[in-house]
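*Asks:* First the structure, then my questions, so here it is.
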Amino acid sequence: MISLGIIGSGLQAQALRGHGGPLGGIRLVDTPARNWRDIAEDPVLGAVLVDLAGDAGLAAIIAALTTGKIVVCPPAPAGTLADHTRLRAAVIRGGGTLLPCGELTHGEAARRGLAAIADPAFGKLTSLYIAIRQPRGPGDVLKDLAPEAVAFITAAIPDDFSSVRVAAGGLFGTERDSVVIILRSTKDVVVTIELAKCLPASLPAPGLGEVEIDAIGTLQAIRITPLDSAVRIHRDDGTAARPWLDAAVLAMLRDVERASSGLPEVAGWLHRAASNRALLTAIRAAAM
Amino acid sequence: MQAEVNVTIAENPGVIDFISLTVRFKGGAIGSAEVLNNTPPGYPAFHQLDIYGTSGAIRARDHDLTGLARFTDAGTEYPAQYEMLLHNLPAYARELAELVDAIRQDRPLVMPPSEARAALAITLAAVRSAHEGHAIQMGELV
Chain A
16 MISLGIIGSG LQAQALRGHG GPLGGIRLVD TPARNWRDIA EDPVLGAVLV DLAGDAGLAA
76 IIAALTTGKI VVCPPAPAGT LADHTRLRAA VIRGGGTLLP CGELTHGEAA RRGLAAIADP
136 AFGKLTSLYI AIRQPRGPGD VLKDLAPEAV AFITAAIPDD FSSVRVAAGG LFGTERDSVV
196 IILRSTKDVV VTIELAKCLP ASLPAPGLGE VEIDAIGTLQ AIRITPLDSA VRIHRDDGTA
256 ARPWLDAAVL AMLRDVERAS SGLPEVAGWL HRAASNRALL TAIRAAAM
Chain B
79 MQAEVNVTIA ENPGVIDFIS LTVRFKGGAI GSAEVLNNTP PGYPAFHQLD IYGTSGAIRA
139 RDHDLTGLAR FTDAGTEYPA QYEMLLHNLP AYARELAELV DAIRQDRPLV MPPSEARAAL
199 AITLAAVRSA HEGHAIQMGE LV
């Protein structure tokens with residue numbers, strides 16, 4: 016059993032406080048009357064959720080990391096390279112674990128997006144756009160990011176793909192860090208995929224990525240924008256927003272349990288071993 | 079230039095209402111664009127522009143009501159915020175004013191006619207790529 020404290024009162028903190036269900040192997044210790052530094056440095060706590068904006072939020076994260084805690088925080092814990100350096104130093108100094116919800120947000124975005132597309136109210140899918148962007152850095156995007164995109168597309172579109180167009184290049188370094196892929200399915204759904212390791216240090220946060228999904232159906236359109244943590248469903252008669260903050264927090268807590276138990280970190284719901292190897296192979300071949 | 083087009087509205091047979099295209103610039107940069115007019119009436123994303131450079135990025139998005147966001151390694155700036163990105167109402171008046179001013183001041187237009195021609199060439203190349211199913215070199219259209 017690991018004890019998790021809450022710092023701040025942002026939406027994720029509120030969602031966690033308002034959650035009535037069991038939290039598995041996590042004991043929630045909510046002490047809103049204490050100041051953030053006391054909570055961050057409390058030796059009884061093994062983990063904290065920091066949902067506090069601005070410099071105080073960053074200071075709380077650093078304090079908790081320095082005391083060896085698992086820290087769950089929103090996707091943008093640092094705004095500058097200097098902040099990022101301080102976070103890394105705190106992890107090294109204290110042995111803590113930082114769990115910002117970057118990858119988690121991707122997983123939730125994909126899960127919620129697929130559910131919305133599968134809803135009969137969405138109508139027939141006509142086009143799908145997905146962008147996965149990460150900070151500038153080493154690695155081939157077709158190796159590192161394409162499997163996740165292909166897994167999503169394969170889940171959303173049961174057709175085969177009759178046309179694969181690819182433009183790829185190394186625009187920020189020596190490796191292939193940018194690619195645009197345009198697919199046409201046998202049932203005429205056009206898919207546009209953008210994969211890039213192009214984000215500057217401040218967008219959205221050092222070490223994190225972002226995902227963007229735009230799906231157009233005959234009856235609805237859905238948009239999932241970076242870090243928004245919500246699916247927006249646009250119909251002829253208006254727009255509905257379906258946030259997933261509570262689910263996101265719970266998913267983060269599962270990560271806390273994994274981290275505290277020493278189990279190897281598993282990728283999100285869209286695991287990187289994509290199921291559609293034929294499509295991946297075709298994309299990689301077209302990029303040559 | 080590579081592109082795919084689609085006709086998604088059954089009531090409009092043959093009328094293209096979606097295009098996705100990608101271009102490779104001479105300098106090596108890659109561009110991508112989607113243009114569509116088949117969304118529900120309330121769809122808010124009229125325009126969205128992302129540009130990524132080696133030293134930062136800029137974004138302009140209607141639905142954020144943020145005219146411009148500039149991201150660098152040092153942080154983020156929001157140098158322009160508007161009610162809407164596309165200032166439809168004064169757009170044509172500004173265009174005409176620029177034309178009149180250029181004539182009066184005997185100077186070149188800020189946006190020369192060659193830019194309009196280039197945009198048309200890219201559009202024609204995109205449609206041709208989609209119809210022929212292969213990449214089009216812009217030089218082929220000259």
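Read top to bottom, the protein sequences are chains A and B. When we follow the numbering used here, the leftmost residue of the first sequence carries the number 16, and every step to the right adds one. When we follow the numbering used here, the leftmost residue of the second sequence carries the number 79, and every step to the right adds one. Beta carbons are placed, not taken as given, at the ideal position from N, Cα and C, and that holds for glycine. As the structure is a computational prediction, the values presented were derived from the model and not from experiment.
#1: Is A/L214 buried or exposed, if buried means 16 or more other CB atoms sit within 10 Å of its CB?
#2: Could you spell out the range, first to last residue, of the beta strand (DSSP E) harbouring B/V83?
#3: Can you list the residues of chain A that B/T151 reaches, using a CB-CB cut of under 9 Å?
#4: What I want to know is whether the C-beta of B/T132 ends up closer than 7 Å to one or more non-hydrogen atoms of the ligand COA.
#5: Going by beta carbon distance, what residues of the same chain come within less than 8 Å of A/I231, once the five residues before and after it are set aside?
#6: Can you confirm whether A/A236, when its beta carbon is compared against all beta carbons of chain B, has any partner nearer than 8 Å?
#7: Can at least three beta-carbon pairs, one atom from the region 192-200 of chain A and one from the region 171-180 of chain A, be found at a separation below 8 Å?
#8: Taking any Cβ of chain B, which residues in the region 149-173 of chain A have a Cβ under 7 Å from it, in chain order?
#9: Report the partner residues of A/S142 according to the DSSP bridge assignment.
#10: Return the residue from the list A/A161, A/R299, A/E123 and A/A211 that minimises the CA-CA distance to A/R151.
#11: For the pair the region 17-25 of chain A and the region 54-64 of chain A, tell me if three or more CB-CB distances fall below 8 Å.
#12: Could you tell me which chain B residues have their CB closer than 7 Å to the CB of A/E209, listed as they occur along the chain?
#13: What residues of chain A sit near B/Y130, judged by a beta carbon separation below 7 Å?
#14: Hey, how far is the Cα of A/G222 from the Cα of B/L174?
#15: Nearest to A/F167 by CA position, among A/G184, A/F187, A/A133 and A/G39, is which residue?
#16: With a threshold of 8 Å between beta-carbons, can A/L38 be considered close to chain B, or not?
#17: Work out the CA separation of B/E155 and B/P186 for me, nearest whole Å.
#18: Whole-angstrom Cβ separation of A/G138 and A/Q235, contact assumed at under 8 Å?
#19: By DSSP, does A/I54 sit in helix, in strand, or in coil?
#20: Under three-state DSSP, which class holds A/E190?
#21: Closer than 7 Å between beta carbons: that is the criterion. Which residues of the region 178-190 of chain B meet it against chain D?
#22: Measure from the C-beta of A/L294 to each C-beta in chain B and report whether the shortest distance is under 8 Å.
#23: Please confirm if A/G110 has its CB atom under 8 Å from at least one CB of chain B.
#24: Return the chain-ordered ranges of every alpha helix (DSSP H) run that is complete within the region 150-177 of chain A and spans a minimum of 4 residues.
#25: Buried or exposed, going by whether 16 or more other CB atoms sit within 10 Å of the CB of A/E280?
#26: Compute the distance between the beta-carbons of A/D98 and A/L73, then report whether it is under 8 Å.
#27: Here's a check: name, in chain order, each residue in its chain whose Cβ is nearer than 7 Å to the Cβ of A/I85, leaving out the five neighbours to either side.
#28: In whole angstroms, what is the alpha-carbon distance linking B/E218 and B/S207?
#29: Quick check on B/M79: buried or exposed, where buried means 16 or more other Cβ atoms within 10 Å of its Cβ?
#30: What residues in the region 201-213 of chain B bring their beta carbon closer than 7 Å to a beta carbon of chain A?
#31: Alpha carbon to alpha carbon, what distance is there between A/L157 and A/I293?
#32: Helix, strand or coil for B/A135? Go by DSSP, reduced to three states.
#33: Below 8 Å CB to CB, which residues in the same chain sit around A/N291 once its five sequence neighbours on both sides are set aside?
#34: Expressed to the nearest angstrom, what Euclidean distance is found between the alpha-carbon atoms of A/P241 and A/E225?
#35: Would you say A/V195 lies against chain B (beta-carbon separation less than 8 Å)?
*Replies:* Short version:
#1: For this step, residue 214 of chain A is matched to residue 199 along the first sequence. Label assigned to A/L214: buried.
#2: For this step, residue 83 of chain B is matched to residue 5 along the second sequence. Element bounds for B/V83: Q80 to N84.
#3: As a working note, residue 151 of chain B is residue 73 in the second sequence. It should be noted that the sequence gives Asp, not Thr, for residue 151 of chain B. Here the neighbours are T95, L96, P215, A216 and S217.
#4: Here there are no bound small molecules, and the ligand COA is not part of this structure.
#5: As a position in the first sequence, residue 231 of chain A is number 216, starting the count at 1. Hits under 8 Å: L140, T141, S142 and L143.
#6: Along the first sequence, read from residue 1 onward, the residue named residue 236 of chain A stands at position 221. So yes, A/A236 belongs to the interface.
#7: yes
#8: none
#9: In the first sequence, the residue the question calls residue 142 of chain A occupies position 127. A/S142 is bridged to A/V205 and A/I231.
#10: Here residue 151 of chain A refers to the residue found at position 136 of the first sequence. Closest option to A/R151, Cα to Cα, is A/A211.
#11: yes
#12: By 1-based counting over the first sequence, the position of residue 209 of chain A is 194. By Cβ distance, chain B contributes S110.
#13: To locate residue 130 of chain B, count along the second sequence from 1; it is residue 52. Simply A211 and C213.
#14: Taking the first sequence and counting its residues from 1, the one referred to as residue 222 of chain A is at position 207. Taking the second sequence and counting its residues from 1, the one referred to as residue 174 of chain B is at position 96. Unreliable placement is indicated for A/G222, whose pLDDT of 48 sits below 50; no coordinate value is reported for it.
#15: Position 152 of the first sequence holds residue 167 of chain A. Comparing Cα positions, the closest option is A/A133.
#16: On the first sequence, position 23 is the one that residue 38 of chain A refers to. Not closer than 8 Å to any Cβ of chain B, the Cβ of A/L38 fails to qualify, so no.
#17: Against the second sequence, residue 186 of chain B aligns to sequence position 108. Against the second sequence, residue 155 of chain B aligns to sequence position 77. Their Cα atoms are separated by approximately 32 Å.
#18: On the first sequence, position 123 is the one that residue 138 of chain A refers to. On the first sequence, position 220 is the one that residue 235 of chain A refers to. Contact holds; Cβ gap of about 6 Å.
#19: Here the question's residue 54 of chain A lines up with position 39 in the first sequence. Note: A/I54 maps to helix in three-state DSSP.
#20: Numbered from its first residue, the first sequence carries residue 190 of chain A at position 175. Three-state DSSP puts A/E190 in coil, outside helix and strand.
#21: No chain D appears in this structure, whose protein chains are A and B.
#22: The count along the first sequence starts at 1 and reaches residue 294 of chain A at position 279. With 8 Å as the cut-off, A/L294 does not count as an interface residue toward chain B.
#23: Here the question's residue 110 of chain A lines up with position 95 in the first sequence. Judged by the 8 Å Cβ criterion, A/G110 is not in contact with chain B.
#24: 156-159 and 161-171
#25: Within the first sequence, residue 280 of chain A is the residue found at index 265, counting from 1. For A/E280, the pLDDT reaches just 45, beneath the cut-off of 50, and the residue's location in the model is therefore unreliable, leaving the point undetermined.
#26: Walking along the first sequence from the start, residue 98 of chain A turns up at place 83. Walking along the first sequence from the start, residue 73 of chain A turns up at place 58. Result yes, Cβ atoms of A/D98 and A/L73 sit closer than 8 Å.
#27: Taking the first sequence and counting its residues from 1, one reaches residue 85 of chain A at position 70. Within the same chain, A/I85 has close Cβ partners G61, A62, G111, T112, L114, V271, A274 and S275.
#28: Counting from one through the second sequence, the residue named residue 218 of chain B turns up at place 140. Counting from one through the second sequence, the residue named residue 207 of chain B turns up at place 129. Cα-Cα distance, rounded: 11 Å.
#29: By 1-based counting over the second sequence, the position of residue 79 of chain B is 1. With 16 or more Cβ atoms within 10 Å of its Cβ, B/M79 is classed as buried.
#30: G211
#31: Numbered from its first residue, the first sequence carries residue 293 of chain A at position 278. Numbered from its first residue, the first sequence carries residue 157 of chain A at position 142. The residue you asked about is not Ile; residue 293 of chain A is Ala in the sequence shown. Computed Cα separation, rounded: 14 Å.
#32: Numbered from its first residue, the second sequence carries residue 135 of chain B at position 57. The answer is strand: DSSP assigns B/A135 an E or B state.
#33: In the first sequence, residue 291 of chain A corresponds to position 276, counting from 1. The residues are V165, A166, I168 and T169.
#34: To locate residue 241 of chain A, count along the first sequence from 1; it is residue 226. To locate residue 225 of chain A, count along the first sequence from 1; it is residue 210. So the two alpha carbons sit approximately 5 Å from each other.
#35: For the purposes of this step, residue 195 of chain A is taken as the residue at position 180 of the first sequence. Yes, contact with chain B.
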